[in-house]
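To keep things clear, I will list the structure first and then write my remarks on it.
2 protein chains.
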Amino acid sequence: MNVLIIGANGQIGQHVVRKIQESSGHNAIAMVRKEEQKAKFEEQGVKTALVDLEGSIETIANAAKEADAVVFTAGSGGHTGADKTVMIDLDGAIKSMEAAKQAGVKRFIIVSAIGVHHRDRWMNSAPYYSAAKHYADVWLEKSGLDYTIIRPGGLTNEPGTGKVKVAVDLGYGKIPREDVAAAIVASLENSQTIGKSFDMIGGETLIEDALKTL
Amino acid sequence: MNVLIIGANGQIGQHVVRKIQESSGHNAIAMVRKEEQKAKFEEQGVKTALVDLEGSIETIANAAKEADAVVFTAGSGGHTGADKTVMIDLDGAIKSMEAAKQAGVKRFIIVSAIGVHHRDRWMNSAPYYSAAKHYADVWLEKSGLDYTIIRPGGLTNEPGTGKVKVAVDLGYGKIPREDVAAAIVASLENSQTIGKSFDMIGGETLIEDALKTL
Chain A
1 MNVLIIGANG QIGQHVVRKI QESSGHNAIA MVRKEEQKAK FEEQGVKTAL VDLEGSIETI
61 ANAAKEADAV VFTAGSGGHT GADKTVMIDL DGAIKSMEAA KQAGVKRFII VSAIGVHHRD
121 RWMNSAPYYS AAKHYADVWL EKSGLDYTII RPGGLTNEPG TGKVKVAVDL GYGKIPREDV
181 AAAIVASLEN SQTIGKSFDM IGGETLIEDA LKTL
Chain B
1 MNVLIIGANG QIGQHVVRKI QESSGHNAIA MVRKEEQKAK FEEQGVKTAL VDLEGSIETI
61 ANAAKEADAV VFTAGSGGHT GADKTVMIDL DGAIKSMEAA KQAGVKRFII VSAIGVHHRD
121 RWMNSAPYYS AAKHYADVWL EKSGLDYTII RPGGLTNEPG TGKVKVAVDL GYGKIPREDV
181 AAAIVASLEN SQTIGKSFDM IGGETLIEDA LKTL
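Protein sequences, first through last, are from chains A and B. One point on numbering: in the UniProt record's numbering, the residue at position 169 of the first sequence is 169, and numbering is uninterrupted. One point on numbering: in the UniProt record's numbering, the residue at position 153 of the second sequence is 153, and numbering is uninterrupted.
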């Protein structure tokens, strides 16, 4: 499977690219914005697409045309301004969905954030961030694409444990970015995750087994 | 017809309230956020609902329960921060649509902005503003409500002329806020505007006649 990773240079994205390259039968196409990012991935033997997510749907669709799946891990992270949150987390995500459709790619996996499907759990400090994630998720659910929406808890840089807890609704918890990436790759290989949206935190169950409970 | 005006204290909202009160057979319910705004409208004999648009859908639905139509004219105006744009122009609008549905109100008229249905016409200086308006409009089109989406050009405080130009796509032009308000009230009385989304600028055609061409 050829997988276009949008946001490949991000903290989760880099894990996703590496895990896809390490897996058998998958190839990553790292979508990046800057020449130096492109060079870095190419040195690692990773195929790249130089595309600005704030550009046109057509340029994103062009990057997706050799892909069998799109993984959207781009995100302003909640620490940039609200303007970038709208243009990346909301509009960038929606453009990517439309681009996938234009390119005939059915499979689409997005990284959202825990609890954003409940307005009363939106971040007090940055409700616009939760709103942007939520509306992108809703758009995807209505897109007709074969979607998986992963809503991880608080992201850490701890090494992955390979074990998680997943459910439609979970209380707050943390999870290593590496485990989020592993769950993305496992979802690509598990058609049972199609049409599913779920919270995910660190847990006691192997990722592959956890995804089977959805 | 009882009409809930969300954003009643705004520049367009105040014109809408006045025109509805002057019309025969309609009554305004001015939804406002502050006690002093409520007092001001009540002094003018206008019914009010004291509701924070950044609050719950239920409180908005409660304000809508005696209404036959909802007019959404609230807006951060593109001059506040992007965070408020997301929470008012996008999330506030969508919550109002959900509230209308909860309250059993079918008719919903929203004030959008010229050209936002074309990404290449989004404001360079504030694309997040155009994005927020656009996604609220798309949500409304898919809501199942009896919608009208009015996308006026550059708003002025000139006195209304009662004459406009309307079409799905128009080049940029200006229009007095008073004429936007008049078009809202005329749309309430014209079922032909249901399910229509259109640009509107100042023109040569009487508002009532212009709306019939849609």
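Cβ coordinates follow ideal geometry from the N, Cα and C atoms, glycine included.
Exercise. Quick one: is residue 297 (chain B) buried, meaning 16 or more other Cβ sit within 10 Å of its Cβ, or exposed?
Worked result: Here chain B has residues from 1 to 214 only, and residue 297 (chain B) is not among them.
For this session: Go ahead and label residue 156 (chain B) buried or exposed: buried means 16 or more other beta carbons lie within 10 angstroms of its beta carbon, across all protein chains shown.
Result: exposed
Problem set entry | Interfacial residues, the stretch 72-95 of chain B to chain A, with Cβ spacing under 9 Å | 81, 82, 83, 84, 85, 86, 87, 90, 91, 94, 95
Problem set entry | Residue ranges of each alpha helix (DSSP H) within the stretch 164-212 of chain A, 4 or longer | 177-188, 207-212
Exercise. Rounded to whole angstroms, how far is the Cβ of residue 29 (chain A) from the Cβ of residue 5 (chain A), which I believe are closer than 8 Å?
Worked result: 7 Å
Exercise. Rounded C-beta distance between residue 69 (chain B) and residue 1 (chain B)? I'm assuming under 8 Å.
Worked result: About 6 Å separates the beta carbons of residue 69 (chain B) and residue 1 (chain B), which is inside the 8 Å limit, making them a contact pair.
Exercise. How about residue 142 (chain B): is its C-beta nearer than 9 Å to some C-beta of chain A?
Worked result: yes
Exercise. Since residue 147 (chain A) meets chain B, which of its residues come closer than 9 Å, beta carbon to beta carbon?
Worked result: Below the 9 Å Cβ cutoff, chain B contributes no neighbours of residue 147 (chain A), its closest Cβ being approximately 17 Å away.
Exercise. Relative to chain A, which residues along the stretch 108-141 of chain B have a C-beta separation below 7 Å, given in chain order?
Worked result: 127, 128, 131, 132, 135
Exercise. Ends of the alpha helix (DSSP H) at residue 132 (chain B)?
Worked result: Going by DSSP, residue 132 (chain B) is part of the alpha helix (DSSP H) stretching over 127-141.
Exercise. Which residue from B:151, B:207, B:85, B:197 puts its Cα closest to that of residue 132 (chain B)?
Worked result: The residue from B:151, B:207, B:85, B:197 with its alpha-carbon nearest to that of residue 132 (chain B) is B:85.
Exercise. Is the beta carbon of residue 153 (chain B) sitting closer than 9 Å to the one on residue 172 (chain B)?
Worked result: yes
Problem set entry | Rounded straight-line distance, which links the Cα of residue 16 (chain A) to that of residue 179 (chain A) | 10 Å
Problem set entry | Simplified DSSP state of residue 109 (chain A), which is helix, strand or coil | Residue 109 (chain A): strand per DSSP, three-state reduction.
Problem set entry | Beta carbon proximity, residue 56 (chain B) to chain A, threshold 9 Å | yes
Problem set entry | Close-in-space but distant-in-sequence residues of the same chain around residue 66 (chain A) (CB under 6 Å, 5 per side omitted) | 2
Exercise. CA-CA distance, residue 54 (chain A) and residue 120 (chain B)?
Worked result: Distance between the alpha carbons of residue 54 (chain A) and residue 120 (chain B) is about 12 Å.
For this session: Identify the continuous alpha helix (DSSP H) that holds residue 95 (chain B) and give its terminal residues.
Result: Here the alpha helix (DSSP H) through residue 95 (chain B) covers 91-103.
For this session: Buried or exposed for residue 79 (chain A), please, with buried defined as at least 16 other CB atoms from any protein chain shown within 10 angstroms of its CB.
Result: exposed
Exercise. To the nearest whole angstrom, what separates the beta carbons of residue 164 (chain B) and residue 207 (chain B), a pair I think is in contact under 8 Å?
Worked result: 6 Å
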